[in-house]
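Residue numbers (this note's numbering), protein chains in the order written: chain A, 1 to 235; chain B, 1001 to 1332.
For every residue, glycine included, the Cβ atom is placed at its ideal position computed from N, Cα and C.
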């Protein structure tokens, strides 16, 4: 159980991170990450939908005929997104207006359908919820990191408009990283999202490469002999 | 290319260092003309872009563990810096030149693998990114003949202090796009400074044309891409300009305003990011000429050379695919 839990967390947060490795859900990822507040808003909604859809799919996995499973998944996800959309209208109406079409578009986020098909329909409720949470948090971390990068580069601030999510007291959270910054419009516009995303993926690959290299050097035999036996029977 | 026989070949000695030196020399008339008409800003841009470009190139080469001397000596980064600085407006402050150079050298060139592997022209990529990011600073052109003296320009370059409003204005291409109900003739009659400005641009473009023709005679590049680009641009301008001369600028304006000649002879002839074969270069040039006209006339930005070049850079591999020269004896 312990091993399984750790495996799920490692998969979701790093090894097959939906944003950095599977490259799923790129459309909302690139479109709304122009500030931390927007990114965090979409991240929370997506994670909630992902956890709930994994839970429901796992609960119904023995009742649903294999031939109609995909329409069923889509119905479940669509219902959950509708719930999330109505909740956002009720709780954070301004943010709902800013995120606009990207809230209903969560339905088409392949990360969610992908987890339902690849994991939740084959595993128990607890494990499926954990998987949804790990994948959702992995996706959210990338969203927020990209949002922070683009907000600092684009406007020189961090955590603007957080009151849209956390109420009036969060207005004070706004940090001005660079004083008298004249703004770098490029980072706010879509091309900046693509370049930022490319840099994040490159960073993950560099870290993986470094780890693999150090692993290799650890695995090398301690003897200095480089001769390899190629004939005979190795005993 | 067509006269190549079977091996052994004689080496012409046209290695990249010599090519780059020739390009630098050919750009001098244009640089001098630009300084004469629009002030010392361009000179500061050139010096700063080349210095910073060399420093960035060296540091990226160190990071990539490549031999420093070998790659710095080929001079490609000097050419990139020079062309970028010539394209930037003369009132560009240091940070604008720096951002453009950073994107040109690090993002457009080295992230793709360095000289020879870049799909986009580095100078135009750096220029386009700055045009999108800082639209107001990127259109700050001095009016011709009225500019800061060197110390004032130096001060402006580093601190952006100085009375700029008195000496800057819209470029002729921009003015011809935003006519606000007037015809082109009425607009020119009402703005004598734009006429002066256009005259200055004519001379600058002629200077680039002279340098470019010199390069062509020295066989640094073939005639195909520049001639294709200039003729397709002229045909587009002729078709629309003769139909509605009050609203559309004619061929001579399109050929001799903006960055047309700089683009035709110094940018689209970049051997790395353009199409390879002769027929491919014709297609490449025609595409750029047509796109320049379309973006200039109906687009949102004042000039279009950078965007047209980048879009056709994107098409160059496809053009190469369909214009591969047939080897002798090959069936199809």
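Does the beta-carbon of residue i have 16 or more other beta-carbons within 10 angstroms, so that it is buried, or is it exposed?
i                       : result
residue 1017 of chain B : exposed
residue 1040 of chain B : buried
residue 1236 of chain B : buried
residue 1001 of chain B : Summary for residue 1001 of chain B: the model assigns pLDDT 44, below 50, so the residue's position carries little reliability; its value from the coordinates is reported in the next sentence. Counting Cβ neighbours within 10 Å, residue 1001 of chain B comes out exposed, since fewer than 16 surround it.
residue 205 of chain A  : exposed
residue 1254 of chain B : buried
residue 237 of chain A  : Here chain A comprises residues numbered 1 to 235, so residue 237 of chain A is not present and cannot be evaluated.
residue 1330 of chain B : exposed
residue 1197 of chain B : buried
residue 167 of chain A  : exposed
residue 182 of chain A  : exposed
residue 58 of chain A   : buried
residue 1068 of chain B : exposed
residue 1034 of chain B : buried
residue 1064 of chain B : exposed
residue 215 of chain A  : exposed
residue 94 of chain A   : exposed
residue 150 of chain A  : buried
Assign residue i to one of three DSSP states: helix, strand, or coil.
i                       : result
residue 24 of chain A   : coil
residue 1115 of chain B : coil
residue 1083 of chain B : helix
residue 1317 of chain B : helix
residue 157 of chain A  : strand
residue 175 of chain A  : strand
residue 181 of chain A  : coil
residue 120 of chain A  : helix
residue 1244 of chain B : coil
residue 190 of chain A  : helix
residue 45 of chain A   : helix
residue 54 of chain A   : helix
residue 948 of chain B  : There is no way to answer for residue 948 of chain B, as the model of chain B reaches only from 1001 to 1332.
residue 1001 of chain B : Annotation note: pLDDT 44 at residue 1001 of chain B (below 50); position unreliable, coordinate value reported separately. If DSSP states are grouped into helix, strand and coil, residue 1001 of chain B belongs with coil.
residue 71 of chain A   : helix
residue 132 of chain A  : helix
residue 82 of chain A   : helix
residue 143 of chain A  : helix
residue 14 of chain A   : helix
residue 162 of chain A  : coil
residue 102 of chain A  : helix
residue 1251 of chain B : helix
residue 1330 of chain B : coil
Tell whether a beta-carbon distance below 8 Å holds between residue i and residue j.
i                       : j                       : result
residue 1054 of chain B : residue 1023 of chain B : no
residue 1115 of chain B : residue 1109 of chain B : yes
residue 152 of chain A  : residue 103 of chain A  : no
residue 115 of chain A  : residue 23 of chain A   : no
residue 1275 of chain B : residue 1184 of chain B : no
residue 1030 of chain B : residue 1204 of chain B : yes
residue 1301 of chain B : residue 1131 of chain B : yes
residue 147 of chain A  : residue 39 of chain A   : yes
residue 165 of chain A  : residue 41 of chain A   : yes
residue 143 of chain A  : residue 29 of chain A   : yes
residue 1211 of chain B : residue 1049 of chain B : no
residue 43 of chain A   : residue 140 of chain A  : yes
residue 252 of chain A  : residue 160 of chain A  : Only positions 1 to 235 of chain A appear in the structure, and residue 252 of chain A is not among them; the question remains open.
residue 193 of chain A  : residue 5 of chain A    : no
residue 1225 of chain B : residue 1194 of chain B : no
residue 1096 of chain B : residue 1137 of chain B : yes
residue 1141 of chain B : residue 1044 of chain B : no
residue 1318 of chain B : residue 1087 of chain B : no
residue 1285 of chain B : residue 1267 of chain B : no
residue 1019 of chain B : residue 1220 of chain B : yes
residue 134 of chain A  : residue 9 of chain A    : yes
residue 1093 of chain B : residue 1156 of chain B : yes
residue 1089 of chain B : residue 1139 of chain B : yes
residue 105 of chain A  : residue 27 of chain A   : yes
Under 9 Å Cβ-Cβ, which residues of chain C neighbour residue i?
i                      : result
residue 189 of chain A : The chain inventory of the structure shown lacks chain C, comprising the protein chains A and B.
Which runs of the alpha helix (DSSP H), 4 residues or longer, sit entirely within the region 1141 to 1212 of chain B?
1150 to 1159, 1172 to 1177 and 1184 to 1190
Quick check on the DSSP output: what are the complete beta strand (DSSP E) runs of length 3 or more inside the region 1268 to 1317 of chain B, in order along the chain?
none
Would you say the region 1121 to 1137 of chain B touches the region 1081 to 1090 of chain B, given that touching needs at least three Cβ pairs under 8 Å?
yes
Counting Cβ pairs, one atom from each stretch, are 3 or more of them under 8 Å apart for the region 1204 to 1218 of chain B and the region 1151 to 1170 of chain B?
no
What runs of the alpha helix (DSSP H), each 4 residues or longer, lie entirely inside the region 1031 to 1113 of chain B?
1041 to 1063, 1068 to 1073, 1076 to 1087 and 1094 to 1102
Check whether the region 73 to 83 of chain A touches the region 1 to 18 of chain A, counting contact only when three or more Cβ pairs, one atom from each stretch, lie closer than 8 Å.
no
Do the region 1167 to 1177 of chain B and the region 1256 to 1270 of chain B touch if we need at least three Cβ pairs shorter than 8 Å?
yes
Indicate whether the contact test is met: 3 or more Cβ pairs, each with one atom in the region 1274 to 1289 of chain B and one in the region 1146 to 1159 of chain B, closer than 8 Å.
no
Pair every Cβ in the region 1298 to 1313 of chain B with every Cβ in the region 1282 to 1290 of chain B, then say whether three or more of these pairs are closer than 8 Å.
yes
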